[in-house]
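Student: Here it is: the structure, laid out below.
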Amino acid sequence: MRPIDAGGDVRFATRLLLVQLATVTAVVVVCTVVFGWLAVRQLRAESEASALNIARTVAEDPDVKTLVSAFSADPGTPDAADLRGGTLQLLATDVAERTDALFVVITDDHGIRLAHPNEDLLGQVVSTPFEEVLEGNEIVDWEVGTLGESARAKVPVLPDDGGAPVGEVSVGFERASVFDDLPALALSIAVVAVGALALATLTTLLLRRRFERLTLGVQPEELVALVQNQTAVLDGVGDGVIALDVDGTVRVCNTAAERMLGLDDPIGRSFHDLALAPDAVDDIRSGRARGGVVIGDRVLYVDSRPVTRGAQSLGDVIVVRDRTDVEALATRLESVRAMTEALRVQRHEFANRLHVAAGLLDAERVPDARAFLGDLLARGSVDFAVPGIERVPDPFLQSLLGAKALTARERGVSVRVSEDTLLLGTLDAVEDVAAILGNLLDNALAASVRAAVGRVDGTRAGVPAPAAGDSSAWVEVALLGDREELVLTVADSGDGIPPGIDPFVRRTDDRARAQARPAPEHRDPDAVHGRGFGLPLSRDLARRLGGEVWVIDPGGEGRGAVFGARIPGVLRPTDEESS
Numbered sequence: 003m004r005p006i007d008a009g010g011d012v013r014f015a016t017r018l019l020l021v022q023l024a025t026v027t028a029v030v031v032v033c034t035v036v037f038g039w040l041a042v043r044q045l046r047a048e049s050e051a052s053a054l055n056i057a058r059t060v061a062e063d064p065d066v067k068t069l070v071s072a073f074s075a076d077p078g079t080p081d082a083a084d085l086r087g088g089t090l091q092l093l094a095t096d097v098a099e100r101t102d103a104l105f106v107v108i109t110d111d112h113g114i115r116l117a118h119p120n121e122d123l124l125g126q127v128v129s130t131p132f133e134e135v136l137e138g139n140e141i142v143d144w145e146v147g148t149l150g151e152s153a154r155a156k157v158p159v160l161p162d163d164g165g166a167p168v169g170e171v172s173v174g175f176e177r178a179s180v181f182d183d184l185p186a187l188a189l190s191i192a193v194v195a196v197g198a199l200a201l202a203t204l205t206t207l208l209l210r211r212r213f214e215r216l217t218l219g220v221q222p223e224e225l226v227a228l229v230q231n232q233t234a235v236l237d238g239v240g241d242g243v244i245a246l247d248v249d250g251t252v253r254v255c256n257t258a259a260e261r262m263l264g265l266d267d268p269i270g271r272s273f274h275d276l277a278l279a280p281d282a283v284d285d286i287r288s289g290r291a292r293g294g295v296v297i298g299d300r301v302l303y304v305d306s307r308p309v310t311r312g313a314q315s316l317g318d319v320i321v322v323r324d325r326t327d328v329e330a331l332a333t334r335l336e337s338v339r340a341m342t343e344a345l346r347v348q349r350h351e352f353a354n355r356l357h358v359a360a361g362l363l364d365a366e367r368v369p370d371a372r373a374f375l376g377d378l379l380a381r382g383s384v385d386f387a388v389p390g391i392e393r394v395p396d397p398f399l400q401s402l403l404g405a406k407a408l409t410a411r412e413r414g415v416s417v418r419v420s421e422d423t424l425l426l427g428t429l430d431a432v433e434d435v436a437a438i439l440g441n442l443l444d445n446a447l448a449a450s451v452r453a454a455v456g457r458v459d460g461t462r463a464g465v466p467a468p469a470a471g472d473s474s475a476w477v478e479v480a481l482l483g484d485r486e487e488l489v490l491t492v493a494d495s496g497d498g499i500p501p502g503i504d505p506f507v508r509r510t511d512d513r514a515r516a517q518a519r520p521a522p523e524h525r526d527p528d529a530v531h532g533r534g535f536g537l538p539l540s541r542d543l544a545r546r547l548g549g550e551v552w553v554i555d556p557g558g559e560g561r562g563a564v565f566g567a568r569i570p571g572v573l574r575p576t577d578e579e580s581s
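Under the working numbering, the first residue of the sequence shown is numbered 3, with each subsequent residue one higher.
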């Protein structure tokens with residue numbers, strides 16, 4: 003599946019960097035504009051407040067009140083020559099010089115200038131409105147007068163004895179002096195803005211580096227494709243998949259793995275804390291479960307492999323494959339192969355005996371031929387050397403027991419049929435019975451061989467070694483037919499089942515392997531049961547048919563174990579039994 007690329011050839015981390023830088027730049031520009039506007043407003047407010055305070059101070063001066071009241075009371079126009087060197091002019095000039103004000107103007111109640119920075123304008127009416135001030139109001143505003151635009155404050159002059167205002171005091175600051183600190187303030191804002199952009203760039207680069215480290219250089223577009231592919235793979239395959247991080251925590255687990263391992267909500271939990279047997283967990287993590295592990299009633303092949311990207315370890319991926327049906331089929335095929343081989347031996351030996359009978363007839367030795375054929379009729383077609391084999395009328399079971407007896411004889415174990423055997427019907431489900439009985443026989447044969455080897459080596463305390471020619475290793479089979487149900491038991495001469503060991507659970511630790519397997523020189527390399535699946539598969543197969551496989555007697559102290567099996571619906575009763 004091709005990764006989705008929403009940004010052309012530009013990597014996501016680069017686009018993220020550019021977007022973050024553009025966002026931070028926009029924020030810094032907006033903040034700079036706002037801070038600049040606030041700075042201008044603050045400077046304007048400070049200059050207006052300064053002008054108002056100066057004007058109030060001058061208007062409260064006793065000399066100013068007295069002189070302005072006197073000029074206002076005089077109906078005539080003040081003489082400009084007298085005003086140039088007058089007290090009000092000197093006072094206004096001194097205040098303007100000390101406060102760096104553009105002007106300090108004092109007028110009477112007719113708006114006649116009594117003090118002004120331009121002496122040529124003394125005695126004339128002011129150029130800005132003054133009526134509102136004479137009504138007793140203070141005014142702060144930006145106006146354009148004879149000296150240009152300025153921030154000015156106008157305050158009424160009140161007489162000492164109270165009453166209506168007798169004049170006004172106007173103080174102004176020119177625009178240049180008001181905003182002379184603005185360049186330094188703007189420079190400070192610019193430095194902060196540049197610093198913010200630099201910090202944002204550095205932070206974005208660090209975040210980009212951290213992002214790529216966390217995603218191992220995989221871009222979000224590729225992550226989308228990975229998620230799509232992962233979902234398709236995990237949901238589209240029949241195998242179970244579990245992904246573990248470096249700490250052994252489950253991060254991915256598909257439904258197939260949950261079903262096979264019997265897990266409930268495993269994601270986010272440690273693999274060692276899941277509801278699995280400790281032996282199974284150790285086998286899975288160590289890789290020993292690749293050869294198969296029995297969990298519940300299922301045979302699973304579990305493969306655990308480490309995952310790396312470059313030199314970095316990412317954890318492990320566990321693949322679970324259900325091989326229960328395959329192993330069961332392999333067991334059936336093995337049993338059928340053994341029966342087929344036994345039938346082939348029967349055919350070969352029967353043909354040889356027919357050749358003998360034909361030779362006797364060709365030699366016209368009819369009495370000898372009759373005697374030979376009578377002996378064959380009495381003993382059966384092939385002598386499998388299985389005591390009590392005549393109690394088993396079914397040819398397939400005879401062949402299976404004969405084939406197992408031949409294998410057992412090679413390993414020093416005799417197979418016999420119990421005197422309690424009573425089988426009246428014939429088999430319908432040959433493969434199922436062969437699989438279950440074959441596994442039980444293989445298990446009993448292995449136990450008998452281990453016990454015999456232990457006797458010879460003197461490893462069984464208190465048990466004497468067998469005498470020459472004495473076969474103390476044996477396996478006994480009893481077959482009972484109950485209409486369509488087959489009940490069978492398999493006993494052996496082994497040492498029994500060790501305490502605390504469940505024979506239907508595959509043991510994979512080294513000590514149990516040593517206990518459960520014969521010595522290499524006595525091991526059958528082709529035996530399926532050598533992998534520890536025989537008994538679990540036999541029980542699973544019997545349960546599928548509605549039956550059961552169980553331990554009748556665990557044995558021990560010189561006694562072998564006895565296993566029983568009940569298999570319904572596998573016999574076809576004879577006509578006499580049906581009636």
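Where is the CB? At the ideal position from N, CA and C, for every residue including glycine.
Only a predicted model underlies this, so the values are computations on that prediction, with no experimental measurement involved.
Measuring CA to CA, which of 68, 387, 128, 496 is closest to residue 163?
Tutor: 68
Student: Under a three-way DSSP split, which group does residue 489 fall into?
Tutor: strand
Student: Using CA coordinates, which residue listed in 566, 564, 187 is at the minimum distance from residue 40?
Tutor: 187
Student: What's the C-alpha gap between residue 80 and residue 86?
Tutor: Within the model, the alpha-carbon separation for residue 80 versus residue 86 is close to 11 angstroms.
Student: Verify the contact flag: residue 56, CB atom, against every heavy atom of the ligand COA, threshold strictly below 8 angstroms.
Tutor: Annotation note on the ligand COA: not contained in the displayed structure, which lists no ligands.
Student: Where does residue 81 fall in DSSP's three states?
Tutor: coil
Student: For residue 66, list the residues DSSP reports as bridge partners.
Tutor: In the DSSP output, where bridge partners are listed per residue, residue 66 has none listed.
Student: In its own chain, which residues sit with a C-beta less than 6 angstroms from the C-beta of residue 602, not counting the 5 before and 5 after it?
Tutor: Given that the chain is displayed from residue 3 to residue 581, the structure contains no residue 602 and the question cannot be resolved.
Student: May I ask you to report which of helix, strand or coil DSSP gives residue 420?
Tutor: coil
Student: Taking all protein chains shown into account, decide if residue 422 is buried (16 or more other Cβ within 10 angstroms of its Cβ) or exposed.
Tutor: exposed
Student: Given residue 202, which residues of its chain have a CB within under 6 angstroms of its CB, disregarding the five upstream and five downstream residues?
Tutor: 26
Student: From 438, 120, 254, pick the residue whose C-alpha is nearest to that of residue 569; which is it?
Tutor: 438
Student: For residue 206, write down the residues that DSSP places opposite it in a beta bridge.
Tutor: None, per the DSSP bridge assignment.
Student: Taking the continuous beta strand (DSSP E) assigned at residue 172, which residues delimit it?
Tutor: 169 to 176
Student: For a quick check, are the C-beta atoms of residue 166 and residue 53 less than 9 angstroms apart?
Tutor: No.
Student: Quick check: what's the CA-CA separation for residue 29 versus residue 207?
Tutor: 18 angstroms
Student: Is residue 496 helix, strand or coil by DSSP?
Tutor: Judged by DSSP in its simplified three-state form, residue 496 adopts coil rather than helix or strand.
Student: Just list the residues that DSSP pairs residue 310 with in beta bridges.
Tutor: Beta-bridge pairing links residue 310 to 315.
Student: Just to confirm, are residue 361 and residue 576 a CB contact at a threshold of 9 angstroms?
Tutor: no
Student: Under the rule that 16 or more other beta-carbon atoms within 10 Å means buried, what is residue 196, buried or exposed?
Tutor: exposed
Student: By Cβ distance, which residues of its chain are closer than 6 angstroms to residue 363, with the 5 residues on each side in sequence left out?
Tutor: 371
Student: Classify residue 450 as helix, strand or coil using the three-state DSSP reduction.
Tutor: helix
Student: Looking at the secondary structure, which residues open and close the beta strand (DSSP E) in which residue 478 lies?
Tutor: 476 to 484
Student: Using only alpha-carbon positions, find the residue among 408, 119, 444, 440 that is nearest to residue 173.
Tutor: 119
Student: Using DSSP's beta-bridge definition, name the partner residues of residue 242.
Tutor: 322
Student: Would you grab the beta carbon distance between residue 415 and residue 475 for me? Rounded to a whole angstrom, and I think it's under 8 angstroms.
Tutor: 4 angstroms
Student: Tell me the DSSP secondary structure of residue 100 in three-state form.
Tutor: In the three-state DSSP reduction, residue 100 falls in the helix class (H, G or I).
Student: Cutting at 7 angstroms between CB atoms, please list the residues of its own chain near residue 396, excluding the five before and the five after it.
Tutor: Closer than 7 angstroms at the Cβ level, and outside the excluded window around residue 396, lie 425, 428, 429.
Student: What separation, rounded to the nearest whole angstrom, lies between the Cα atoms of residue 551 and residue 490?
Tutor: 10 angstroms
Student: My understanding is that residue 19 touches residue 210, with C-beta atoms under 8 angstroms, so please give their C-beta distance in whole angstroms.
Tutor: 6 angstroms
Student: Which of the three DSSP states, helix, strand or coil, is assigned to residue 369?
Tutor: helix
Student: Going by DSSP in three states, residue 546 sits in which element: helix, strand or coil?
Tutor: helix
Student: What is the C-beta distance between residue 324 and residue 262, in whole angstroms, given that I count them as a contact (C-beta under 8 angstroms)?
Tutor: 6 angstroms
Student: With H, G and I counted as helix, E and B as strand and the rest as coil, what does DSSP make of residue 412?
Tutor: If DSSP states are grouped into helix, strand and coil, residue 412 belongs with the helices.
Student: For residue 106, which residues from the same chain have a beta carbon less than 6 angstroms from its beta carbon, with the 5 sequence-adjacent residues on both sides left out?
Tutor: 94, 97, 98, 173
Student: Indicate the three-state DSSP secondary structure (helix, strand or coil) for residue 145 in the structure shown.
Tutor: In the structure shown, residue 145 falls within a strand segment according to DSSP collapsed to helix, strand and coil.
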